[in-house]
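Chains as they are written, first to last, in my numbering: chain C, 1 to 338; chain A, 1001 to 1338; chain W, 2001 to 2338; chain E, 3001 to 3338.
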């Protein structure tokens, strides 16, 4: 940690600050500059908050040198984490996984039928929302527990693991019992109580990036889950919010090599939410595979125009199958199985 | 609602779509254009989701004409809502309120001492966090229930209502019992289960704008609370996330006249989080008052450099008092009491 | 064009507005709604500015239905434009092109040497800046005309066409005489006088997207060039400015299918500026090829640590060669030559 | 300047980098950390580009301690710069100035008539565009030189100095001869050739912030003008581009205290472009005055619905007069004349 100190700082202020570091067992090295002095703090600074240091009026700037995350950090855990989701491996050199299914579970028949379709298209997992985060209180809010049971039935029929979003800690038991991969949605990426709650369960977690979360904040949210005891976190990029409104969000594909350099966790891509437009999904999926993603999660519906939510970004099964076929060629071209 | 229809749409698709509107009692007017046809949908479209219409492959674009919110809408509720917080009125022509206090409650003495200081400076309410949303799992997470009881004691000693952030629905009872104004933080603005939960209680809610929430999404989150039965919502702008990193966030002051035009709810401003820098707070507070805000919420600490969180954006009591004194002059200049 | 009209608009206002449309030969269709009335304007509205209509106090909202660009519009020009750059074809079904070279020309030997290296690696064109847009007035500003002559010499030695950035219309003659593909940089994307100037020359133009330009604004800048008489425009995505600071910019790869749907112009990708980090370039380049881009423009330097500018985002020739080799496999996988 | 060095850097790399600093007369202090080593570079680093250092593969991060600007820097020029615009003083303790007038000059009568109106309302300068940066090539591009002469006539009739935007260096002579305050627009904030050109003239410059320019980049553009010899720069905030689309841009009012802390230059606010909506202008103007701005530039038109450009954000003279009247009260409340 590097602290830029104002030249006019009083000896008393500096002394108090230095004592604080001494107490924490940290060493302070001082460089005298022309406009500022600089303190280099040596030792384990992960537990020090940058902004707390900045609260000292004598401090002009604070710069962290080492990352604020430990458990997710590639530096201390060089080998790739491979997450097992009901028998399907995600990450490392495992084949690229595809997760397909509707935005919302509409009824048992529908999710079982689409589940079978996505399996036949080549997907390894089924997605489907039973609890839906909707901008409007007047929009369909999901089938709730009934939808979770419908998902479980789709797993029984297809043999594929299922993914669904958990919105509230009080539903955690039904998810642990029934769901193979518990999704934390973008809007809850910094719902820290929920992160701690899923850190205590023995199921893998799919952690979506928040709409305006920095890469570091996203990794810190994974760190929350891991620090609570659950090491099985899969990260999912789903686009960030920018000034550009042609797409629903702006897909940030550079996160793929960045996450792989900085962490040891698997990363998958959600082109449906990133673009919001079914016509763009194939192109962006091919790009994600080429960039090195460990998987794709894609919304599929057999009648998008009748979908209860997000039909505009749903692929029909035949398009989904074609997408997988094309992605497999790209995967092969970059030396990856799929 | 205005739907732009592709010229090559099949008769069958169009018929099915039209039938859907008929069933909902909506009227469809068609304008034949050169490159597109346009459908104007007349009737109450608040329950129709734009993106669901967009799911039809024959649809090129959907534009909402009337706002998707009803209860918060000024059009249907022209008079200002005035929220009563433990006897202090907020909104309408009530005097501008000032809420002061530390980021976190550190212990009972501290919050009582600072509570008394902010009252003497001229504040009408005390803020203090007992449950803290922190980016890092290794940072101080707040005193929890003990902190809430400390806040309650500060109210007893000062007679001022207290404000604190609720992060999880399972703590709602202790908030209803002890806290006068329940804050929903920026990171939970779209934690819809939490919004519904506070919609069922009989206490006023302070709803902070999410870091990347549009004004419409923010109002829709207020609509969630109101639709669940709680009409007492105060909106709070705390800066949005932009490319500019000199400040912690970018304060969006134009929301003041916008919220007042579109809704009937009170709006207050949080210059501490908007700027992240105590040196900028006075200037931005004066601006907020001049713009027409109904209140200010400001972090105050008697020893910012020893604050357990957010010291960099805390004012010392003497600065806070000076700020209130200056703001009063501006309030008077714009015809408002304070 | 769809205009949402306030219900309380006066007859006089409405009449005057309607007369304005009549005079332009446009037809007005009115839909009476419950909260608003809606006017559909039928006819060629490309010359009407949305915001001018919005200036009428009776107007609540204006929504454009057809695109404001004509010459760049795929709707009126369905076949792909293929741009010929000194014999190298870009766009349509032409092989994917690679443009390589340093950020800045440092001297004649250097650009000739690197030019030969990038040719041997498999590039089809050489890039190099002689006039450099630098944030600081104290930074190296480029060799100027001497640098352009050095570039021309590199073309003579390698036989490859050359690309360089034009910053000011008064240098246009030396560019027309010496440069094969004239680049308009991101900072000048809305320097409309410069756009008009290059619209009058008989050389192809590489138009970079502005740092915060919407896709529509970017296409409109191409329209400026085309409307002045030059149809040979290649678009280049180089990342947009967002809140995320881990990368220099955020690459927006969804533009590839969007540009191909909305326009008939070729689009290439600049992963060097999009990421600002040489370690991320390979991954993002592979993604761009998979997404369907018509080319790549990449900074290459044989001694990045001694580069006079942008060394942090330069590839060494051996990395560049490996990147091309890998990209060729992906190109083949998506049915494209390279 | 603080450089974070990877632990695995080779002795040779480090030596070469250190020699580079030695040659520039800079001193290097090394702090050995646990995960990284840190170099503190002491001396005048204004001429060193951060990104050039980052080009060394052994470097993990570069952090600038002192600002990259010198001439604009408050640290080296503590007293406020007061700019004289045709006899009207801007900055320091001068009265707050108001600049009013139409977006575009439409004809001589119109600009003279509106010029007289804004003077009577209490403005000290007249604005009017003769060369207009328009997104569409099909939109009105301004009257050109004729418009400049019309502006000059408005000055003759009213006695008020005039402000107009220069878009291209080849028109600089007509601006020097006729215009009192030469505006560089947001889209040209990093048109460095234009900045250098206006750095050579003996007229004050109004430098608008670019739509996505950081505060530092904006100050660096002022530094360009000043480094070319022209110290008379007035900065103008006109809103930045964000995800929020309710307003045309997002006004960033915190820049007022920031610019005053970091530089000695005057800063004025443009609420017309910041909001894009005449209904929001009064509120935002009052806020700007309260925040400490040195002036306002506001679009005024007597028939906004017939304005040739930007009518939606134009005030009518009576509203403009009322705004000035209200702003004066706020100015007085914050101890400023107006």
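Yeah, the Cβ is synthetic: ideal placement off N, Cα and C, and Gly gets one too.
Sequence-distant residues of the same chain with beta carbon closer than 7 Å to residue i, five excluded per side
i	result
residue 224 of chain C	192, 195, 196 and 199
residue 311 of chain C	301, 304 and 305
residue 108 of chain C	150 and 153
residue 307 of chain C	102, 103, 301 and 314
Residue-level contact to chain A via CB, residue i, 8 Å cutoff
i	result
residue 135 of chain C	yes
residue 107 of chain C	no
residue 266 of chain C	no
residue 3279 of chain E	yes
residue 15 of chain C	no
residue 270 of chain C	no
Other residues of its chain near residue i: CB distance less than 6 Å, five sequence neighbours each side excluded
i	result
residue 3054 of chain E	3062
residue 3264 of chain E	3074, 3077, 3080 and 3081
residue 2123 of chain W	2098 and 2100
residue 231 of chain C	none
Cross-chain neighbours of residue i in chain A, by beta carbon under 8 Å
i	result
residue 3329 of chain E	1333 and 1334
residue 311 of chain C	1051, 1052, 1054, 1055 and 1056
Residue i: contacting residues in chain A (beta-carbon distance under 7 Å)
i	result
residue 188 of chain C	1191
residue 68 of chain C	1136
Chain-ordered chain W contacts of residue i [CB-CB under 7 Å]
i	result
residue 1243 of chain A	2241, 2242 and 2243
residue 1038 of chain A	2002, 2040 and 2065
Chain F contact residues for residue i, given Cβ-Cβ distances below 8 Å
i	result
residue 2130 of chain W	Of the protein chains in this structure, namely C, A, W and E, none is chain F.
Cβ of residue i within 8 Å of any chain C Cβ
i	result
residue 3029 of chain E	yes
residue 3043 of chain E	yes
residue 1008 of chain A	no
Contact belief for residue i with residue j at Cβ below 8 Å, rounded distance in angstroms
i	j	result
residue 3160 of chain E	residue 3115 of chain E	7 Å
residue 1226 of chain A	residue 1210 of chain A	Not really, about 17 Å apart at Cβ, beyond 8 Å.
residue 180 of chain C	residue 162 of chain C	5 Å
residue 3183 of chain E	residue 3164 of chain E	6 Å
Neighbourhood of residue i by C-beta distance below 8 Å, restricted to the same chain and skipping five residues each side
i	result
residue 271 of chain C	251, 280, 281, 284, 285, 288, 296 and 298
residue 2056 of chain W	2013 and 2017
residue 2248 of chain W	2239, 2273, 2274, 2275, 2276, 2277 and 2313
C-beta neighbour in chain E for residue i, strict 8 Å
i	result
residue 167 of chain C	no
N-terminal and C-terminal residue of the alpha helix (DSSP H) that residue i is part of
i	result
residue 1084 of chain A	Counting along the chain, residue 1084 of chain A falls outside any alpha helix (DSSP H), though it belongs to the beta strand (DSSP E) covering 1083 to 1085.
residue 2177 of chain W	2172 to 2178
residue 3201 of chain E	Segment: none, residue 3201 of chain E is in no alpha helix (DSSP H) and carries neither H nor E.
residue 3158 of chain E	3145 to 3158
7 Å Cβ cut-off: residues of chain E touching residue i
i	result
residue 2224 of chain W	3137
residue 2220 of chain W	3135 and 3136
residue 2304 of chain W	3055
Proximity test, Cβ basis, 8 Å: residue i and chain W
i	result
residue 3273 of chain E	no
residue 3212 of chain E	yes
residue 3307 of chain E	yes
Neighbouring residues, chain C, relative to residue i (Cβ below 9 Å)
i	result
residue 1047 of chain A	136, 138 and 139
residue 1314 of chain A	55
Contact set between residue i and chain C, taken where Cβ atoms lie within less than 8 Å
i	result
residue 3075 of chain E	35
residue 2289 of chain W	290
Span of the beta strand (DSSP E), counted from its first residue to its last, around residue i
i	result
residue 2339 of chain W	Residue numbering for chain W in the displayed model covers 2001 to 2338; residue 2339 of chain W lies beyond these limits and cannot be assessed.
residue 3235 of chain E	3233 to 3237
Check: residue i C-beta below 7 Å from any heavy atom of the ligand HEM
i	result
residue 1051 of chain A	Because no ligand of any kind appears in the structure shown, any question about the ligand HEM cannot be addressed here.
Contacts of residue i in chain C (Cβ-Cβ under 7 Å)
i	result
residue 2247 of chain W	254
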